[in-house]
Structure formats: C-alpha cells, structure tokens
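A.B. asks: So that we are looking at the same thing, I have put the structure below in structure tokens.
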Amino acid sequence: MKTCIITNSHPSNDVRLYYKLGTSLTALGEVYIISTNGIVNHHTNPYQIIVSAGSSLKALPLIYKECKAIAPDLVICVEPLTVPLALLLRRSIGCKVIFDVHEFFAEAHSERVHWLFRPFVRQIYLSFERFLAHRADAVTAVNQEIINQLFPANPNAKNLLVMPNYPVKNVWDYQCDIPGSLSRLCAMRFDLIYVGGITRDRGIFKILKSATLLKNEFPHLKILILGKFHDPNIESQFIESIDNFNLNAVIYYQEWIPPEKIGLLLKRSRYGLWLFNPKNKRMRMAIPLKVLEYLAAGLPVISIKTPLMQSVIGANKLGELSSYRARDIAASIAKMLRLPQKEYEELSARCAHIAQTRFNWESLEEKYFALIKSLI
C-alpha cells in the first residue's frame, strides 16, 4: 500500500504529519509526505518530498504532479485547499481520500477580517469545508466538535474518526545534541515555560502582568517564552512591556526551534503555561498539542478554567486552573510554586504517567488502521 500525505502549508517534518501520521502508516506500507518546505528524504520510510513554488497556491499543481507519479492507494489532505487535488487524483487513479482536520479552519480564517464580517466569512468558509468533507472517503479530526461542525446531521458516521493530537509515547525520552543557539538556555532552569504562537489571545500580556505580581514573592522567578510572533505590533508591545515592568531578569524569549529540540527546554522547566482567551472559540474548544507535550515531559499545567480544560487538567489533578484575569493567574502560579518538592515530584510523575498510559498517539492507531483498511 502506498500513501501520500499532501500539504501546501506545513513542513515535511511537521510533528503530526511526519512523527504521527507518517510514522504510523509505515506499518501499512510506503508513505510519502509532499510539502513545499522542510526536510528532503528519499531513503527512509516515511519519505519526504519538497516542491519548489513561489506561493502555496502555485504549489498545488506541483504537488498534484508529484503525487500522481507515485500513484498512491490513499491520499491524506491536511488543509482544505489540498482536498480538491486529492479528489482529482481519485478520479484519475482511483485512490481513496482522507481529510485530516486538525483545527477550526473556518474560525481561524474569519479572525483575519473585521469583527463585523466574521460571522459571514466563517459561514462561507465552513460551507466550503463541509462541501469538501462530504466528498472525501473519510474524515479524521482532532476533536468531536470539529466533526459535529462538519457533519451536523450525522456526526457518528462510520467513516468519521476523532484522532486527538496526542504526543507519541516517550516523546521526550531521547538524547539530542544541544545547538549552540540554545546552549545558554540549556544551562538554566525555568519555573514556567510557554510554547506556541505568541498573540494577545494566547495570553502573552497576561503572562507579563502575572510576572510583575509574582516577582516580589519569587525574586528568582524565570519564565521562558518559546515561539513566534504573528504580529509585529504585538512583538513591539512585548519588548516595551518587559522594559516598562522591569522584567528583563524574569522573562527569557527564544524564537521557534525545531520540534525535536523542544524537549531540551521542557526538561529544564517546572510548569507549562496555556493562558488563552476563553472568548476565542477555537482556543476554548480544543486542547493544543503544547498542553499534552507539557504533560509528557512531566510538567503540570497552569491554564484557564473552561469545561474542556477542567475535564483534562482539573479532573485529573494535573495542575491548576484560573479565570482569565492576571491577578487570578498569578495566584494559581504562586500556589504551584509554593508546592513542597515532594508534592511537586508526585504531581510531575502523575502528569507523565497519564501521558504515557492515556494521552498518547499509539492508543489511537488501532482505530485509525481499521478505518483505512475499511477503505482500501
């Protein structure tokens, strides 16, 4: 069996594409990941192919050409714009098509426009997404809410499967070289770490405000921010706030690094932060990969109290939840920082254990393989 995973926006070494979908599917045969950027690999399954194009749109015919030459039995699309390519391939070579939906695309797209137009843009994009999803042979999604959104009339159909973005087992239990750019950070220890995109709704300024409230009680507090800024204005405000609040000895910033290196910094941290604005629906309705990777590294999580986070972090006693106010967030952080070492070690061990036994990618493979075998 041959499988092609096609994308015009993710790198070929993307965690979900390569380390999860791609690596798992090697058990069923050859896997090819076709992308516009990332790592090229023609020797080891899963194979990685890069097409050169000036834009994501111009890449589409090149991806189609590469995929058709491979003649796969199965094509997996990880964004809406690649689904029409797969449908054309199905007509041409008879392959099966799976649409892997890993985010709320309609909500994310609508956030790019003025709030007055967001409901209309969301509905138009969602209609387009539903049109594509109904024509795929199967749809996988990272949570049930996405399935409900795409198939409101029949969310329990047999060709629909929830595949949460769980980390693979022992994801951080490996040794890798420390690059020179990280040598300074890898010689330090951090109380708190945030990993991911850096935006206002992802709580970057709540982190800074909380730090100002905590630094008197915890004079040696160190917080690591690891990620990319999506808006230059937010980056400027971030830098100015650090100076204005005198947080230069508290806040450490590192630009995005390769996924396989993140474990180096998680292992040097005590708690993971996920402080999202609960008014943002797509953040409120999904557990991001970062939270699960925190747990896999044995990091208790400090986050915002919503039904979903309560069901994962609160119910399993894996950290602390608060409202989206800096004062309450600071109180939650302080409570965690005051834990005696023995209690912290027990909490950390519980986080690692639940990631190892429940929240791991391998636990999903059996159902995933069953779905694929029902199609081929």
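Its first residue numbered 19, the sequence shown is counted upward by one per residue in the working numbering.
For every residue, glycine included, the Cβ atom is placed at its ideal position computed from N, Cα and C.
Note that the structure is a prediction, hence the values are computed from the model and not measured.
Which residues in the same chain have their Cβ closer than 7 angstroms to the Cβ of A45, if we skip the five residues on either side of it in sequence?
C.D. replies: In the sequence shown, counting from the first residue as 1, residue 45 sits at position 27. Excluding sequence neighbours, A45 sits near nothing in its chain.
A.B. asks: Please name the residue or residues paired with E338 in a DSSP beta bridge.
C.D. replies: As a position in the sequence shown, residue 338 is number 320, starting the count at 1. In the DSSP output, where bridge partners are listed per residue, E338 has I320.
A.B. asks: Please go through the same chain and pick out, in chain order, the residues whose beta-carbon is closer than 8 angstroms to the beta-carbon of R140, but skip the five residues on each side of it.
C.D. replies: Taking the sequence shown and counting its residues from 1, one reaches residue 140 at position 122. Contacts found: A124, E125, H127, S128.
A.B. asks: From this set, G337, L244, Q359, which residue's C-alpha is nearest W274's C-alpha?
C.D. replies: Residue numbering aside, residue 274 sits at position 256 when the sequence shown is read from its first letter. Residue L244 is the option with its Cα nearest to W274.
A.B. asks: Counting only runs of 3+ residues fully inside the region 21-70, write out the beta strand (DSSP E) ranges in chain order.
C.D. replies: If we require 3 residues or more, the beta strand (DSSP E) runs fully inside the region 21-70 come out as 48-53, 65-68.
A.B. asks: My understanding is that L179 touches Y386, with C-beta atoms under 8 angstroms, so please give their C-beta distance in whole angstroms.
C.D. replies: Residue numbering aside, residue 179 sits at position 161 when the sequence shown is read from its first letter. Residue numbering aside, residue 386 sits at position 368 when the sequence shown is read from its first letter. That pair is a contact at about 7 angstroms.
A.B. asks: Nearest by alpha-carbon distance to N55: which of A71, P64, W190, Y82 is it?
C.D. replies: Residue numbering aside, residue 55 sits at position 37 when the sequence shown is read from its first letter. Answer by Cα proximity: A71.
A.B. asks: In terms of alpha-carbon separation, which member of W379, L210, N31 lies closest to S236?
C.D. replies: In the sequence shown, residue 236 corresponds to position 218, counting from 1. Note that residue 236 is Phe in the sequence shown here, rather than Ser. Taking only the C-alpha atoms, the option nearest F236 is L210.
A.B. asks: I need the DSSP call for G290, collapsed to helix, strand or coil.
C.D. replies: Here residue 290 refers to the residue found at position 272 when the sequence shown is read from its first residue. G290 falls in the strand class under three-state DSSP.
A.B. asks: Just to confirm before moving on: does the CB-CB distance between T21 and D118 stay below 8 angstroms?
C.D. replies: On the sequence shown, position 3 is the one that residue 21 refers to. On the sequence shown, position 100 is the one that residue 118 refers to. Not a contact, by the Cβ cut-off of 8 angstroms.
A.B. asks: Where does I165 fall in DSSP's three states?
C.D. replies: Your numbering for residue 165 matches position 147 in the sequence shown. I165: helix per DSSP, three-state reduction.
A.B. asks: Please report the straight-line C-alpha distance between I216 and G112, rounded to a whole angstrom.
C.D. replies: Reading the sequence shown from its first residue, position 198 is the one you call residue 216. Reading the sequence shown from its first residue, position 94 is the one you call residue 112. Approximately 42 angstroms, taken between the alpha carbons.
A.B. asks: Need the endpoints of the alpha helix (DSSP H) that F247 sits in, please.
C.D. replies: By one-based count along the sequence shown, residue 247 stands at place 229. Counting along the chain, F247 falls outside any alpha helix (DSSP H), and DSSP gives it neither H nor E.
A.B. asks: Does K176 come out as helix, strand or coil in the three-state DSSP assignment?
C.D. replies: Looking up residue 176 in the sequence shown gives position 158. K176: coil per DSSP, three-state reduction.
A.B. asks: Among W190, A151, E383, S340, which one has its Cα closest to the Cα of N172?
C.D. replies: As a first step, residue 172 must be located in the sequence shown, where it is residue number 154. Comparing Cα-Cα distances from N172 to each of W190, A151, E383, S340, the minimum goes to A151.
A.B. asks: Using a Cβ-Cβ cut-off of 7 angstroms (strictly less than) and excluding sequence neighbours within five positions of R220, which residues of its own chain qualify?
C.D. replies: Taking the sequence shown and counting its residues from 1, the one referred to as residue 220 is at position 202. Once the five neighbours on either side are set aside, the close Cβ partners of R220 are G214, F294.
A.B. asks: Name the DSSP bridge partner or partners of D118?
C.D. replies: Locating residue 118 in the sequence shown gives position 100, counting from the first residue. According to DSSP, D118 bridges with T158.
A.B. asks: Can you tell me the Cβ-Cβ gap for N31 and Y184, rounded? I've got them flagged as a contact below 8 angstroms.
C.D. replies: What you label residue 31 is simply residue 13 of the sequence shown in a count that begins at 1. What you label residue 184 is simply residue 166 of the sequence shown in a count that begins at 1. With 8 angstroms as the limit, N31 and Y184 do not qualify as a contact, their Cβ atoms being about 18 angstroms apart.
A.B. asks: Quick check on DSSP: helix, strand or coil for V17?
C.D. replies: The question about residue 17 has no answer here: the residues shown for the chain are numbered 19 through 394.
A.B. asks: Name the one or two DSSP bridge partners that L283 has.
C.D. replies: As a working note, residue 283 is residue 265 in the sequence shown. For L283, which the question treats as bridged, DSSP gives no partner whatsoever.
A.B. asks: Can you tell which of A367, L339, R368, R343 has its C-alpha closest to the C-alpha of M354?
C.D. replies: By 1-based counting over the sequence shown, the position of residue 354 is 336. Nearest option by C-alpha distance: L339.
A.B. asks: Would you mind giving the Cβ-Cβ distance between L39 and I94, rounded to the nearest angstrom? I have them listed as a contact below 8 angstroms.
C.D. replies: Walking along the sequence shown from the start, residue 39 turns up at place 21. Walking along the sequence shown from the start, residue 94 turns up at place 76. Right, their Cβ atoms sit about 7 angstroms apart.
A.B. asks: My understanding is that S287 touches L242, with C-beta atoms under 8 angstroms, so please give their C-beta distance in whole angstroms.
C.D. replies: On the sequence shown, residue 287 is found 269 positions in, with the first residue counted as 1. On the sequence shown, residue 242 is found 224 positions in, with the first residue counted as 1. With 8 angstroms as the limit, S287 and L242 qualify as a contact, their Cβ atoms being about 6 angstroms apart.
A.B. asks: Jot down the residue ranges of each uninterrupted beta strand (DSSP E) in the region 102-148, minimum 3 residues, whole runs only, in chain order.
C.D. replies: The region 102-148 contains these whole beta strand (DSSP E) runs: 114-119.
A.B. asks: So, Y82 versus L43, is the Cβ gap smaller than 8 angstroms?
C.D. replies: The residue labelled residue 82 in the question sits at position 64 within the sequence shown. The residue labelled residue 43 in the question sits at position 25 within the sequence shown. Result no, Cβ atoms of Y82 and L43 do not sit closer than 8 angstroms.
A.B. asks: Counting Cβ pairs closer than 8 angstroms, one from the region 316-335 and one from the region 364-374, do we hit at least three?
C.D. replies: They touch, by the three-pair rule.
A.B. asks: For Q374, which residues does DSSP report across the bridge?
C.D. replies: By 1-based counting over the sequence shown, the position of residue 374 is 356. Answer by DSSP bridge pairing: none, since Q374 is not bridged.
A.B. asks: Quick one: is D155 buried, meaning 16 or more other Cβ sit within 10 Å of its Cβ, or exposed?
C.D. replies: As a first step, residue 155 is located in the sequence shown; it is residue number 137 there, counting from the start. Label assigned to D155: buried.
A.B. asks: Hey, I320 and L232 are a contact pair by Cβ (cut 8 angstroms); roughly how many whole angstroms apart?
C.D. replies: By 1-based counting over the sequence shown, the position of residue 320 is 302. By 1-based counting over the sequence shown, the position of residue 232 is 214. Contact flag wrong, Cβ pair sits at about 12 angstroms.
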